[in-house]
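Colleague: I am attaching a structure below and will ask some questions about it afterwards.
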Amino acid sequence: MAIRCFCFRRLLVADVLAVSPDEIDPDSLRRQLFNPRAGAYCGFEGWVRNLNDGHEVLRLEYEAYEPLAIKEGEKVLAEARAEYSLLQAHCVHRTGMLEIGDCAVWVGVSSAHRHEAFQACRYIIDALKVRLPIWKKEHYANGDSGWVNCERCTEHGQSTT
Amino acid sequence: MAIRCFCFRRLLVADVLAVSPDEIDPDSLRRQLFNPRAGAYCGFEGWVRNLNDGHEVLRLEYEAYEPLAIKEGEKVLAEARAEYSLLQAHCVHRTGMLEIGDCAVWVGVSSAHRHEAFQACRYIIDALKVRLPIWKKEHYANGDSGWVNCERCTEHGQSTT
Amino acid sequence: MKTIRVRYFAMFRENAGIDEETLTIEVSTATDVFEATRGRHGSSEPVGHCKVAINDEMSDWQADISDGDTVLLFPPVAGG
Amino acid sequence: MKTIRVRYFAMFRENAGIDEETLTIEVSTATDVFEATRGRHGSSEPVGHCKVAINDEMSDWQADISDGDTVLLFPPVAGG
């Protein structure tokens, strides 16, 4: 209760996009979006799955060019804020080697009403996936590996999530 | 790591809708949706906000007719599963007295791709809000209280989130 | 005449001052039950904004009522 | 002739075997840089599928290159 009141009293924090080699903690992230005017929260997580385009995937390796990923990501958050009526919007994208089930990307949005939360969350993840300088390499069960969108996937127009 | 592997080995659990007087723990709930084939997770939370339709709200009181709320809620989850390609879909709705910032309802969906997760999550919350025998009474700063949709809100066609 | 159990929820229960009662009345549909008990539930809402369940199954206002049924009268819902 | 720094990322870096290099070449646009370094980055992708940044600003393939610029060559992105 004390913690909750503290959160409500502080000023709104700026929308943030972070790129990090550390495990994503969605629960602590969503708490940062608490706001007494918020009636709705929508969260999206991209998880590493064991199958992509028919290939058995063992793990994924993410590389980001962090300065521009952050700059472009915060542009995306600003666009979402300009288009939808939001209270907070945050995003974190992982880098490094990820295992099946790991959270690769988290997007969270709070707003007064649910429509805006859903719309903005979807807008953000759709834009992040195609605009941020982030790349992923899939490591397959057969020992091969491949950069997604560069090799196999461009032939089929597939994306991971 | 041991925990993650355990989760992946167990069979898919049935889609579940629960009604509970206990605080909702979104983090433990989302973990139940882990699945090695899941590339996407979408979560929605309805939070108690301090303002509705221009009235300052101090707290909300939820009443549910649990047997039918569960039966109808599980129908909604089954419809979502029939319409979208889902791996898991769960929902929990609170009852009792809730304070500003409390989570009144949580919906979580996992699927291979993000489009289905967003669509199904939205379908579920939209349907829950209009079909489940659940009612809420707002308690206002001026000492008044009112059943939402029964008194004030029907005049304006407003809902909370 | 049918003997039915009527249960009131949320605002209807508060207005009625009771959770439920057993009535022996002349009714054929769920709508008839809603109208016959208006003095209890005191709804200012049209029946179409409310919901009804019969014997723990969601139903509709045109449904037939049988002797021995339990009729649940639900004011407009507001989950979430 | 312009002296520019070219940086390679992800698959382009792996193909080039280097992170970056300084080149003195005849180029006017970012596309020219992409084509002039094809032997390094080895892209099998058309330039339109790739992205470019100039001096840490996202740019486009028609952008002019000035002497002293740093050009970042990005293979097709795949975040999320």
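Protein chains in written order, with our numbering: chain A, 1 to 161; chain B, 162 to 322; chain C, 323 to 402; chain D, 403 to 482. Glycine included, each C-beta is placed from N, C-alpha and C at the ideal position.
Cα separation between Ala199 of chain B and Ser189 of chain B?
Modeller: Whole-angstrom Cα-Cα distance: 17 Å.
Colleague: Assuming the contact rule is C-beta atoms closer than 8 Å, Glu260 of chain B and Val209 of chain B should be a hit. Round their C-beta distance to whole Å, please.
Modeller: Indeed, because the Cβ distance is near 7 Å, the residues count as touching under 8 Å.
Colleague: Taking Cβ-Cβ distances shorter than 8 Å, what residues in chain A pair up with Ile286 of chain B?
Modeller: Chain A residues near Ile286 of chain B: Arg114.
Colleague: Please identify, using Cβ separations under 8 Å, the residues of the segment 87–105 of chain A that lie next to chain D, in order along the chain.
Modeller: Taking 8 Å as the Cβ-Cβ cut-off against chain D, the residues of the segment 87–105 of chain A that qualify are His93, Ala104, Val105.
Colleague: Please determine, among A:Ala141, A:Glu45, A:Tyr123, A:Ser20, the residue with the shortest C-alpha to C-alpha distance to Ala78 of chain A.
Modeller: Nearest of A:Ala141, A:Glu45, A:Tyr123, A:Ser20 to Ala78 of chain A, Cα basis: A:Tyr123.
Colleague: What is the residue span of the alpha helix (DSSP H) that His115 of chain A lies within?
Modeller: It spans 114–131 - the alpha helix (DSSP H) in which His115 of chain A sits, taken as one unbroken run.
Colleague: Does the separation of the CB atoms of Glu277 of chain B and Tyr226 of chain B fall below 9 Å?
Modeller: Not a contact, by the Cβ cut-off of 9 Å.
Colleague: What residues in the segment 197–226 of chain B have a beta carbon less than 7 Å from any beta carbon of chain A?
Modeller: So the close ones are Pro197, Arg198, Ala199, Gly200, Ala201, Tyr202, Cys203, Gly204, Phe205, Glu206, Gly207, Trp208, Arg210, Asn211, Leu212.
Colleague: Determine the chain C residues that contact Pro228 of chain B at a beta-carbon separation under 7 Å, and present them in chain order.
Modeller: The answer, in chain order, is Asp378.
Colleague: How about Cys42 of chain A and Arg94 of chain A: do their beta carbons lie closer than 9 Å?
Modeller: Taking 9 Å as the Cβ cut-off, Cys42 of chain A and Arg94 of chain A do not qualify as a contacting pair.
Colleague: Near Pro294 of chain B, which residues of its chain fall below 6 Å by C-beta distance, leaving aside the five closest residues on each side in sequence?
Modeller: Excluding residues within five positions, the ones whose Cβ falls inside 6 Å are Tyr226, Leu229, Ala230.
Colleague: Measuring only the C-alpha atoms, how far is Val253 of chain B from Val454 of chain D?
Modeller: Rounded to whole angstroms, Val253 of chain B to Val454 of chain D spans 46 Å at the Cα level.
Colleague: Mind checking which residues open and close the beta strand (DSSP E) that includes His251 of chain B?
Modeller: That run of the beta strand (DSSP E) goes 249–255.
Colleague: When the Cα atoms are used, what is the spatial distance from Ala127 of chain A to Glu72 of chain A?
Modeller: Rounded to whole angstroms, Ala127 of chain A to Glu72 of chain A spans 10 Å at the Cα level.
Colleague: By a C-beta neighbour count over all protein chains shown, 10 Å radius and 16 as the cutoff for buried, is Asn35 of chain A buried or exposed?
Modeller: Counting Cβ neighbours within 10 Å, Asn35 of chain A comes out buried, since at least 16 surround it.
Colleague: Just how far apart, CA to CA, sit Asn142 of chain A and Val57 of chain A?
Modeller: Roughly 9 Å between the two C-alpha positions.
Colleague: To the nearest angstrom, report how far apart Thr439 of chain D and Pro477 of chain D are at their CA atoms.
Modeller: Straight-line Cα distance between these residues: approximately 13 Å.
Colleague: Below 7 Å CB to CB, which residues in the same chain sit around Met413 of chain D once its five sequence neighbours on both sides are set aside?
Modeller: Around Met413 of chain D: Pro477.
Colleague: At what residues does the alpha helix (DSSP H) containing Ser28 of chain A begin and finish?
Modeller: That run of the alpha helix (DSSP H) goes 26–31.
Colleague: For Ala40 of chain A, which of helix, strand or coil comes out of DSSP?
Modeller: DSSP places Ala40 of chain A in strand when its eight states are reduced to three.
Colleague: Could one say the Cβ of Ile185 of chain B lies closer than 9 Å to chain C's Cβ atoms, at least one of them?
Modeller: Ile185 of chain B does not count as touching chain C.
Colleague: In terms of residue numbering, what span does the alpha helix (DSSP H) encompassing Val435 of chain D cover?
Modeller: Start and end: 432–438.
Colleague: My output table needs one value for Gly482 of chain D: the three-state DSSP class, helix, strand or coil.
Modeller: Correct three-state label for Gly482 of chain D: coil.
Colleague: I'd like the list of long-range same chain contacts for His451 of chain D, defined as Cβ closer than 7 Å, with 5 residues on each side in sequence excluded.
Modeller: Excluding positions up to five away in sequence, the list reads Pro478.
Colleague: Could you tell me whether the Cβ of Cys168 of chain B comes closer than 9 Å to any Cβ of chain C?
Modeller: For Cys168 of chain B, the predicted structure reports a pLDDT of 40, less than 50, and the residue's modelled location is therefore unreliable. A value from the coordinates is still provided. No, because no Cβ of chain C sits closer than 9 Å to the Cβ of Cys168 of chain B.
Colleague: Three-state secondary structure (DSSP) at Asp449 of chain D?
Modeller: Per the sequence presented here, residue 449 of chain D reads as Val, with Asp not at that position. Reduced to three states, the DSSP call for Val449 of chain D is helix.
Colleague: Taking all protein chains shown into account, do 16 or more other C-beta atoms lie within 10 angstroms of the C-beta of Asp462 of chain D, making it buried, or fewer, making it exposed?
Modeller: With fewer than 16 other Cβ atoms within 10 Å, it is exposed.
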